[in-house]
Every structure is written in C-alpha cells, then in structure tokens.
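Here the structure comes first, spelled out in structure tokens, and everything after it is commentary.
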Amino acid sequence: AQAAGLQRAGVSRMGTWLSPCHDTLTYQANCRLHAARLREVATILKDHGLRLGLEYVGTQLLLVGKRYPFLHTMAETRELIAEINTGNVGFVLDTWHWWTAGDTVGDIQTLKNNDVVSVDLNDAPTGVAKALQRDNERELPAATGVIDVAAFLGALVAIGYNGPVRPEPFNKA
C-alpha cells in the first residue's frame, strides 16, 4: 500500500543506508539477511515502478563500532546488489563514504547511469586524518577541498548520470 501511494505521488527513487557493523551477525550472516530482506522490499518497489538506492557507510570509526564489520565499500555493496538481483537496486553514492572507504574515480567509472539511484555531496573538515573523521561532522560540498568533489562529479558526468543530487552537510553551523 505504501509503495502504491509513492507511485501515485510520482516518486520513482528512494534510498536507505546500511550499517557497517553488527553486534551479533558475522559479515556473511549479515549479508544473507540483508539480501533476503532487501530483495523482498525491492520486489514490491519494482512492482510499483520504484528504484531502491543503497548507501554504504565508509566512515572508519563506525566500521569498528560493533563486534563484526559489515560492508563499507562500493565493491561490497555492488556484490549485495548483485545478490538481491531484482534489477531496480543501485547506489546512493555519497562523496563522504566514497572518500572514507578509499573508493576512487575509477570505481565510479565502472558504473552505468542506471547503477546510481541518487547522489549526496559533502566535504570533510580540514586537519583530521581520514581514519578519525566523524560521520556527523561534514562540511558543504567543496567547502574545504579535502574531498575531491570535482573529480567525483566528473566521474558521474562520464557515466552519464542524470539523477538527483543533493548537498548533505552535517555540522552545527
């Protein structure tokens, strides 16, 4: 019923983020659980013309927040998307997580327009090592130059991305 309502409202894309760690599930068990649950969600969404974007969380301090690390890179998320295998699941690409995960322009260039559901842009504070960056302390896109937002956007242009892009700073200012 909710997917039908979204369809009637003209929504065609939605997204969620994936926690990069878990207290009790190993990587493999967590992957199986996510694939099964997200496949069910994606199937319902597909029946209503909606695409689902998955945002991996590359922030290193969050990766070690619980006992078992989980997916936190573009490559790992790509494997989960392949396992879901419904044809309407792709990435929410975020400059912050792309950068903190150590992903590259080349990684983005392996994608196609249809692989990306939406894009979030932000920058990182200066003077903080990548491994010590805090997820909720982000800057406006291109504000500090720590994250190469121009290269990120250039890679999206190269793959013909034509979907939504939004700024996503997280800071007190």
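Sequential numbering of the sequence shown, starting at 1136, is according to the working numbering.
Backbone N, C-alpha and C define an ideal beta-carbon position, used for all residues, glycine too.
As a quick exercise: from Thr1161, Asp1270, Met1149, pick the residue whose alpha carbon is nearest that of Leu1310.
The structure shown does not extend to residue 1310, since the chain is modelled only from 1136 through 1308, so no value can be given for it.
Cβ-Cβ separation, Trp1152 to Glu1190 (assumed contact under 8 Å), whole Å
Yes, Glu1190 and Trp1152 are in contact; Cβ-Cβ is about 4 Å, under 8 Å.
According to the Cβ coordinates, are Thr1230 and Asn1257 closer than 8 Å?
Closer than 8 Å, so yes.
Give the range of the beta strand (DSSP E) segment to which Arg1186 is assigned.
Segment 1186 to 1190, the beta strand (DSSP E) holding Arg1186.
Ignore the nearest five residues each way along the sequence and tell me which others in Glu1303's own chain have a CB closer than 8 Å to its CB.
So the qualifying residues of the chain are Asp1229, Trp1231, Asp1255, Leu1256, Asn1257, Arg1273.
Cross-strand partners of Met1149 (DSSP beta bridge)
Met1149 is bridged to Leu1187.
Determine the DSSP secondary structure at Asp1250, reduced to helix, strand or coil.
Correct three-state label for Asp1250: helix.
Could you check what DSSP says for Leu1275 in three-state terms: helix, strand or coil?
Assignment of Leu1275 by DSSP, reduced to helix, strand and coil, places it in the coil class.
I need the straight-line Cα distance from Ala1217 to Thr1279, nearest angstrom please.
Each residue's Cα considered, the two are about 35 Å apart.
Spatial neighbours of Lys1247 in its chain, beta-carbon cut-off 7 Å, leaving aside the 5 residues before and after
In the same chain as Lys1247, and ignoring 5 residues on each side of it, the C-beta atoms closer than 7 Å to its own belong to Ile1294, in chain order.
Buried or exposed for Arg1186, please, with buried defined as at least 16 other CB atoms from any protein chain shown within 10 angstroms of its CB.
A residue is called buried once 16 or more other Cβ atoms fall within 10 Å of its Cβ, and Arg1186 is buried on that count.
Looking at C-alpha atoms only, which residue of Ala1236, Ala1139, Gln1137, Gly1225 is the closest neighbour of Leu1206?
Scanning Ala1236, Ala1139, Gln1137, Gly1225 for the CA closest to the CA of Leu1206 turns up Ala1236.
Starting from Val1284, trace the alpha helix (DSSP H) in both directions and tell me its first and last residue.
If you look at Val1284, you'll find it in the alpha helix (DSSP H) that goes 1284 to 1293.
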